[in-house]
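Q:
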Amino acid sequence: MENQYIPENVEAKWQKFWAQNQSFKADTQTEKQKYYLLEMFPYPSGRIHMGHVRNYAIGDVVARFKRLQGFNVLHPMGWDAFGMPAENAAIEHGTHPGKWTYENIDSMRVQLKRIGLSYDWSREFATCDLDYYRWEQLIFLKMYEQGLAYKKTSHVNWCEDCQTVLANEQVEDGCCWRCHNQVVQKELDQWFFRITKYADELLDETWNLKGWPEKVLAMQRNWIGKSYGCEIEFAVKGTEGKVKVFTTRPDTLCGATFMSLAPEHPLVKTLVTDDQRTEVEAFIDEVSRQDKIDRTSGELEKKGVFTGSYCINPLNGEELPIFLANFVLMDYGTGAVMAVPAHDQRDFEFARKYHLPVKVVIQPEGDSLTADTLEEAMTGAGLLVNSGQFDGVPNEEAKEKIASFLDERGQGRLTVNYRLRDWGVSRQRYWGTPIPVIYCQHCGTVPVPEKDLPVQLPMDVEITGEGGSPLARHQDFLTVDCPTCGAPARRESDTFDTFVESSWYFARYACPQYAEAPLDSQEANYWLSVDQYIGGIEHAVMHLLYARFFTKVLRDLGLVDVSEPFTNLLTQGMVCKETQRCDEHGWLYPEQVEDGKCTRCGQSVALGRTEKMSKSKKNVVDPNQLIAKYGADTARLFSLFAAPPEKDLEWNEQGVEGCYRFLGRIWRAVHDNLELIGKGQNQDSLKDISSELRRKTHQTIKKVTEDVDGRFHFNTAIASVMELVNAIYGCDRNKENPAVLREAIESVVRLLSPFVPHICEELWQRLGYEGGIEAQGWPVWDAEALVTSEVELVVQVNGKVRGKIKVAADSDNTLLEQAALAEPNVARFVEGKQVRKIICVPGRLINVVVSG
RNA sequence: GCGAGAGUGGCGGAAUUGGUAGACGCGCCAGAUUUAGGAUCUGGUGUCUUGUGGCGUGGGGGUUCGAGUCCCCCCUCUCGCACCA
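Once you know that position 632 of the first sequence is 847 in the working numbering, the rest is easy, because the numbers rise by one and skip nothing.
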């Protein structure tokens, strides 16, 4: 055996072994319990980055650990393969998006395999495969039948550069999240999924998702934004019209002094008086030129204009002037707000600006506010005043009383409002799933009949990046006969948002080749839910909420039984690295810096802050280079050891070196002892041997098992194996029983195998085993080996450590107290004082409480 | 502003139920080996005093025999949401 650890000599060998033996193929014909482990699948950009390595290394530990524990593990991998980068590449290099994507997949597959991940590659698919997206089209047709997919005209965020619609969450600081171009408003006919129908279920089930991080659940609840309130109708003075408002504060109804409408409100036309028309139209024009993002930015100056009309407060008959205000949004609530300046800060500022009256209707207890002296809105609790029959009622109570009073008179009702909007899924793009719809002049919108599916994405397109989607110009694709009347018709040229593909891929992994339907229900019901899902926190709302929604839709379509896709969710932290900057050359890649100097100009390099690895800051480490230098096992080990999975990981080259050295250390631990432990084959009699090393071995097995199983504390698991390795190096090899030493060394190899599988397989073989390390299963600790006859206890005096004593493990308290007081340094601190009491914590410490 | 999380040596991080703060690793220091360097092995490493002692987990209070951990107040940072009516 070579006495030096050379990763390239072992890694390819074992990757080949796993492939040939189909070691990670999932199987449903088994008595074993199922375990479905999934990491978020990657976009095939062509190169893996350290974020992938970390995500997949974490998942692989869990997959291998569960397999060793005897579970039937499903651990699939595939590609989120539709999307804009493929089209951008086509524009830049003239390569077809399909060709580009499949070539990237081939190259990334090679890179992933080099990491030694335990995937069942037989289940691999890409979402751009016809055999995947055809089923998505069928799901759409079913949703359309159920009224869950519908079309409507809406104002959308539009990116001129990408010539496409962006969801609100795809707009960052008023710019496109992909190309950073300024986003504008545009009116378009769009397909929507009725996610709002599931708003309550999506919200309520967040309380049952015990295996999800609280942070993610909070973000989802926040996103759904359910609020209870009251709808109130205000009659418009002198007309039959009514303005409907939504408010969460019906208790402040009598404090309303004016009304604010969204400038887009449909009633505006009828409300504007001739005197005000010029002013109002100018205002509407001004607001329409601001984009939606600015409208909701919070920095926006509050502006408004009087319409000339008045409405009537249904409770006290007061007349309120109707304003338009730029901060009122048409798509939240009813697009109209009753303004209560005394008790709402925003209304307060607006009222002061336009010199509108302020009327206090809630008095906090022990205070008497007046409208004139108020410096900010009073939003707290109190008793009602100036509210007629409701005076003196605590405001919380008044909310319901006023609402039911209005309800009885047909002027209002208790309602629920959501922030969540329906999901717009139309994208004016080529590289996506075609939406299976046909537009006929006679029959209108006609879904493509099931028998005509799939609507295949044509490959003969020219992608120039100009003039919108290539599909919209592709005559062969567009031209079709109406399936209903046979007249010439036109195909929908929009494709789905790529979040649609990632909303059900986890279910398709259960039956990737199934050719009869989107899902083989038997297989899907066997494997779902995903027992553990692992991915980045950046998907906390969009992807995870859409996937939850789709699961409920699939359930209601009778395709699966489960209601939730992911039982447990782990959101891993980002991979960060220090940035480096040269005055002349800007941000520098790590390899452009030597001894703190820029390699191009020799100037000293300034260290920037530690940030998420990104190409723009050049603080990246290329996994391929890392693996070439140290091997996959070192890359994995560092990713797992440097921080717990959910926290950000700070990249540190010296830390990587340390991990590489540790692997060399275990290599030598086997190599240097191979001859010696050859005499220790018989491990039957180990139970009778009292040995510190044996105790340490079993303590380590226990610790690693508990750290990995459910807790995912891989860093501490690895640390404890390091301790065991230190103990192996530290023991006296002339005295130690060879069988004990063998057990310790074998345990190190077995315990580390989920983390660094290649080196462990190799060492396991060299220890004399054939057929792979998985055959042996996960080691089990011997509880008896953990028992010690003598324990060391800390002795405290008044909570401060003053000495240590060694006593028999089964000593009773009287004996412990005597031994503690007899300890010389303890005795010194106790001397001359009165012992009040002595607290004995078994196995831990003794605390002598003294006074005087 | 609202919501969530975090703050521990020179650094990454341990401490699972309130019970020896700093496991493990990096870095640094010393020794062994080596022609030398590297690699490897061994030991040391919170801090102030160096006396068998004091101080120490962002700051201040509290509960307790005992607090990094529980409670109250404050500071800082990170993430998410935000004219949401």
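Quick reminder that beta carbons are idealized off the backbone N, C-alpha and C, glycines included.
#1: If we call anything under 7 Å between Cβ atoms a contact, is Phe-781 one with Tyr-748?
#2: May I have the straight-line CA-CA distance separating Pro-662 from Pro-651, to the nearest angstrom?
#3: Within a Cβ cutoff of 7 Å, which residues of the same chain sit near Ser-337, ignoring the five residues on either side of it in sequence?
#4: Which first and last residues belong to the beta strand (DSSP E) in which Ile-653 is found?
#5: Taking only three categories from DSSP, how would you classify Tyr-313?
#6: Quick one: is Tyr-348 buried, meaning 16 or more other Cβ sit within 10 Å of its Cβ, or exposed?
#7: Give me, in chain order, the residues of the same chain whose beta-carbon lies closer than 6 Å to that of Asn-952; leave out the 5 immediate sequence neighbours on both sides.
#8: Around the Cβ of Ser-854, are there at least 16 other Cβ atoms within 10 angstroms (buried) or fewer (exposed)?
#9: Do Pro-257 and His-267 count as a contact pair if the criterion is CB distance below 7 Å?
#10: CB Gly-470 to CB His-558, shorter than 7 Å?
#11: With distances taken between CB atoms, is the gap from Pro-859 to His-928 smaller than 7 Å?
#12: By Cβ distance, which residues of its chain are closer than 8 Å to Leu-589, with the 5 residues on each side in sequence left out?
#13: Compute the distance between the beta-carbons of Ile-203 and Ser-968, then report whether it is under 7 Å.
#14: Would you kindly check if the distance between the Cβ of Tyr-741 and the Cβ of Ala-186 is under 7 Å?
#15: May I ask you to list the residues that DSSP assigns as paired with Asn-740?
#16: Per the contact definition of three or more C-beta pairs closer than 8 Å, is the region 811-830 in contact with the region 783-803?
#17: Under DSSP, the alpha helix (DSSP H) around Val-768 begins and ends at which residues?
#18: For Lys-863, collect the residues of the same chain with a Cβ closer than 6 Å to its Cβ; drop the 5 residues on either side in sequence, then sort them by chain order.
#19: Take Gly-627 as the anchor and find which of Ala-305, Phe-449, Val-543 has the nearest alpha-carbon.
#20: Per the contact definition of three or more C-beta pairs closer than 8 Å, is the region 485-493 in contact with the region 523-543?
#21: First and last residue of the beta strand (DSSP E) that includes His-370?
#22: One question on the structure: do Val-1010 and Val-1041 come within less than 7 Å of each other, judged by their Cβ atoms?
#23: Considering only DSSP beta bridges, list what Ile-1053 is partnered with.
#24: DSSP on Asp-404, reduced to helix/strand/coil?
#25: Where does the unbroken alpha helix (DSSP H) through Asp-696 begin, and where does it stop?
#26: Restricting to runs no shorter than 3 residues, where is the beta strand (DSSP E) found entirely within the region 777-862?
#27: Classify Glu-809 as buried or exposed, calling it buried when 16 or more other Cβ atoms lie within 10 Å of its own Cβ.
#28: Between the region 315-322 and the region 287-307, do three or more beta carbon pairs fall short of 8 Å?
#29: The beta strand (DSSP E) spanning Met-474 covers which residue range?
#30: Give me the residue from Ala-586, Phe-538, Leu-635, Gln-560 with the minimum Cα distance to His-547.
#31: As an exercise, report each continuous beta strand (DSSP E) stretch of at least 3 residues that is fully enclosed by the region 574-645, in chain order.
#32: Please name the residue in Ala-847, Glu-479, Leu-772 whose C-alpha comes closest to that of Asn-224.
#33: Helix, strand or coil for Gln-378? Go by DSSP, reduced to three states.
#34: Count the other CB atoms within 10 Å of the CB of Ile-410; is the residue buried (16 or more) or exposed (fewer)?
#35: Mark Tyr-761 as exposed unless 16 or more other C-beta atoms lie within 10 angstroms of its C-beta, in which case mark it buried.
A: A quick look at the data gives this:
#1: Closer than 7 Å, so yes.
#2: The C-alpha of Pro-651 is placed about 6 Å away from the C-alpha of Pro-662.
#3: Counting only Cβ-Cβ distances below 7 Å, and skipping sequence neighbours, we find Lys-240.
#4: Here the beta strand (DSSP E) through Ile-653 covers 652-655.
#5: Contrary to the premise, residue 313 reads as Gly rather than Tyr in this sequence. Look at Gly-313 here: in three-state DSSP terms it is helix.
#6: Residue burial is scored here from C-beta neighbours: Tyr-348 has at least 16 other C-beta atoms within 10 angstroms and is therefore classed as buried.
#7: The residues are Ile-904.
#8: Around the CB of Ser-854, 16 or more other CB atoms lie within 10 Å, so the residue is classed as buried.
#9: Taking the C-beta atoms as reference points, Pro-257 is found nearer than 7 Å to His-267.
#10: Note that the C-beta distance between Gly-470 and His-558 is below 7 Å.
#11: Contact: yes.
#12: Within the same chain, and ignoring the five residues on either side of Leu-589 in sequence, the residues whose Cβ sits closer than 8 Å to its Cβ are Ala-557, Phe-563, Val-573, Val-575.
#13: Nothing about residue 203 can be read from this structure; the chain reaches only from 216 to 1067.
#14: Within the shown structure, residues of the chain are numbered from 216 to 1067, placing residue 186 beyond reach of any answer.
#15: Looking at the DSSP assignment, Asn-740 forms no beta bridge with any residue, so it has no partner.
#16: Yes, the region 783-803 is in contact with the region 811-830.
#17: 757-771 is the extent of the alpha helix (DSSP H) around Val-768.
#18: The residue you asked about is not Lys; residue 863 is Asp in the sequence shown. Excluding residues up to 5 positions away in sequence, Gly-788, Met-789, Cys-791 lie with their Cβ nearer than 6 Å to the Cβ of Asp-863 in the same chain.
#19: It is Phe-449.
#20: Contact between the region 523-543 and the region 485-493 is present: three or more C-beta pairs spanning the two stretches fall below 8 Å.
#21: Taken as a continuous stretch (DSSP letters only), the beta strand (DSSP E) holding His-370 covers 364-374.
#22: Their beta carbons are under 7 Å apart, which means Val-1010 touches Val-1041 by this criterion.
#23: Looking at the DSSP assignment, Ile-1053 forms a beta bridge with Val-1063.
#24: It is a strand residue.
#25: Boundaries around Asp-696 are those of the beta strand (DSSP E), 694-696, since no alpha helix (DSSP H) includes it.
#26: Those beta strand (DSSP E) runs which fall completely within the region 777-862 and span 3+ residues are 784-787, 790-797, 821-827.
#27: Exposed, because fewer than 16 other Cβ atoms sit within 10 Å of the Cβ of Glu-809.
#28: The region 315-322 vs the region 287-307: in contact.
#29: Boundaries of the beta strand (DSSP E) around Met-474: 473-476.
#30: As written in the sequence, residue 547 is Tyr, which differs from the His given in the question. Minimum Cα distance to Tyr-547 is reached at Leu-635.
#31: Correct list: 627-632.
#32: Ranking Ala-847, Glu-479, Leu-772 by Cα distance to Asn-224 puts Ala-847 first.
#33: Reduced to three states, the DSSP call for Gln-378 is coil.
#34: Ile-410 comes out buried.
#35: With at least 16 other beta carbons inside 10 angstroms of its own, Tyr-761 counts as buried.
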